[in-house]
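What follows is a single structure, written as structure tokens, with notes after it.
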């Protein structure tokens, strides 16, 4: 298990917080609101209080890192599709390729930030962090993912150092562009830097200029050139075995040692570094600049066949020798040292503490887990390390107004707690627009998250109802399968009809289909609208049948009974309806149905019968005639 964090948490100062006052706070999904309360120990304060938002992952909100989050999301999703049943030897090249893709995204983002940082100094810190992230990731790729063996290991470490110590090329360009490169004050710094990085061809090209300038020393420079050209490098794809290479390298090293012993380089000691003597190398501390550069150079000229299991010894000794005895190692030093010690979990732990966001540890851990390097590491609360870090990263994304959509795929690939986290995070998404609500709803429906679907639909239906958008409210309530709310909105439609005499949102009501069965009131609304369509098409007989069924089905609201009675009048005066009612329908059934309806509407009907207005008398007479046997 991972032990508790053994460093003190960072202190966050809250500005404008008055002495002697109490602070209140409210937790959010990705932040905390801090404010002065009304309660104070003593005294009064005339200044107004502020609400401060403290975010735990500020980088999520950086527009300059948007590309990093978006591009790495695509790589992450692709990684999850690699089949588990493939042999490890087939998957390793894929994992190395994916790791390089991650690094390419980091580097591209870093280069863009460097351009911005030239005019906005506040981005300099982000550039430094990305530089460190790419440095760590590259080393982890070499040691853990590619798992380079002895021989190849040093070649990979040389590439690692060259990539992250590229200032020598800028200095070389400046030297070569001068009138006399060999007399430039940085000439030997460039030559030595090339040698320290194992870039011997470039060093030889620079030495030619020195030999041309000093003909008397041409023999010495020729010897230097010969030794550099003869230095063997291991070729992993060649036929030479590692043992054969080691013999050849030792022979070359002995030749270099003899040249130094007979003072062949007495007049120019710059290239004594190729012997690999530690003290000689440390004389060029400024050119090495870091202990891990010193480590790789030391291995290059003293132990090129170093095995992975031997790295930790050399790394520890090089860091001790290179750093001042009074200086404390930086977090980056501890992370790299843990990597050289092949302590993956310590690397992840140190990075989690040192870096200011979860992006790096989440994606690196996910890749290492796919490489089967973290199988034995579970956390005390049940989740494995990979899932825990992915959940933390995705939770941070969910607080952003647009990046939240990326987080869904991360939650989907956390089999233990991902669905639970997704459900909790969705509850906190502000549904600012209907378009955003539909996006969230689609995500929930695809994952059969019925509870969240109902919640979203209810929220949107209530909002639409408050804005008197009955059609939208009804559509959302149907989608939520909320019978009670559909009933409420259906009654609002009917009330609106009674007031205005027409229906709004006819397209929706006309196309309810099976959805009208969600509630009795919605069924009545749909069928009543169907009655109006039949009447408008002069299909009076069908309209009469439908109206009769609505009157006797007991699904009409009481407030609507008078409207139904009024609607019956023009139908009863139609000859077609009267003829078919007497010739083809069972008179007793009609009588029974109407009496049933009238029994439930006695008070309304009595009010109508007592009225002396001509329409009321006509309706009364028509109804009485229709039920007379």
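Numbering (the UniProt record's numbering), first residue to last: 1 to 629. By construction, the Cβ of each residue, glycine as well, lies at the ideal position given by its N, Cα and C atoms.
Just the C-alpha distance for residue i and residue j, rounded to the nearest angstrom, thanks.
i	j	result
residue 163	residue 426	42 Å
residue 519	residue 473	15 Å
residue 645	residue 508	There is no way to answer for residue 645, as the model of the chain reaches only from 1 to 629.
residue 72	residue 102	6 Å
residue 620	residue 522	Note that residue 620 scores 46 on pLDDT, short of 50, meaning its location in the model is unreliable; the coordinates nonetheless yield the value given after this. So the two alpha carbons sit approximately 29 Å from each other.
residue 452	residue 106	36 Å
residue 217	residue 223	10 Å
residue 129	residue 248	42 Å
residue 457	residue 480	5 Å
residue 444	residue 450	7 Å
residue 209	residue 361	48 Å
residue 695	residue 75	Outside the displayed span of the chain (1 to 629) sits residue 695, for which this structure offers no information.
residue 78	residue 236	30 Å
residue 148	residue 142	6 Å
residue 334	residue 363	20 Å
residue 611	residue 564	With a pLDDT of 43 at residue 611, under the threshold of 50, the predicted position of this residue should be treated as unreliable, though the coordinate-derived value follows. Those two C-alpha atoms are separated by around 17 Å.
residue 517	residue 440	26 Å
residue 313	residue 199	25 Å
residue 265	residue 274	12 Å
residue 260	residue 238	31 Å
residue 256	residue 63	54 Å
residue 201	residue 409	48 Å
residue 355	residue 82	29 Å
residue 114	residue 353	25 Å
residue 388	residue 358	11 Å
residue 258	residue 272	12 Å
Between the Cα of residue i and those of the options, spot the shortest distance and give me the residue it belongs to.
i	options	result
residue 469	493, 236, 480 and 565	493
residue 536	553, 551, 567 and 514	567
residue 635	181, 173, 268 and 196	Here the chain comprises residues numbered 1 to 629, so residue 635 is not present and cannot be evaluated.
residue 557	541, 288 and 495	495
residue 630	565, 322, 238 and 412	Past the edges of the chain, shown from 1 to 629, lies residue 630, and the structure says nothing about it.
residue 283	360, 192 and 214	192
residue 251	231, 238, 265 and 260	231
residue 85	214, 524 and 371	371
residue 112	70, 65, 81 and 278	65
residue 183	212, 203, 355 and 166	212
residue 347	374, 328 and 482	374
residue 89	116, 146 and 100	146
residue 161	37, 68, 215 and 294	294
residue 391	207, 368 and 418	418
residue 126	137, 140, 109 and 138	109
Could you check if residue i is buried or exposed, using at least 16 other CB atoms within 10 Å of its CB as the buried criterion?
i	result
residue 399	buried
residue 416	exposed
residue 384	buried
residue 490	buried
residue 98	buried
residue 407	buried
residue 262	exposed
residue 324	exposed
residue 484	exposed
residue 554	exposed
residue 349	buried
residue 286	exposed
residue 395	buried
residue 432	exposed
residue 167	exposed
residue 175	buried
residue 643	Residue coverage of the chain in this structure runs from 1 to 629, which leaves residue 643 outside it and unanswerable.
residue 510	exposed
residue 203	buried
residue 467	exposed
residue 365	buried
residue 528	buried
residue 320	exposed
residue 420	exposed
Compare the C-beta of residue i with all C-beta atoms of chain B and state if any pair is closer than 8 Å.
i	result
residue 111	Annotation note: the requested chain B is absent from the structure, which comprises a single protein chain.
Could you tell me whether the region 299–317 touches the region 152–159, where touching means 3 or more Cβ pairs closer than 8 Å? yes
With a cut-off of 8 Å, do at least 3 Cβ pairs link the region 81–93 to the region 130–138?
no
### Message
For the structure I just gave you, are there three or more beta carbon pairs, one from the region 495–508 and one from the region 534–553, closer than 8 Å?
### Response
no
With three or more C-beta pairs closer than 8 Å as the rule, is the region 236–253 touching the region 303–310?
yes
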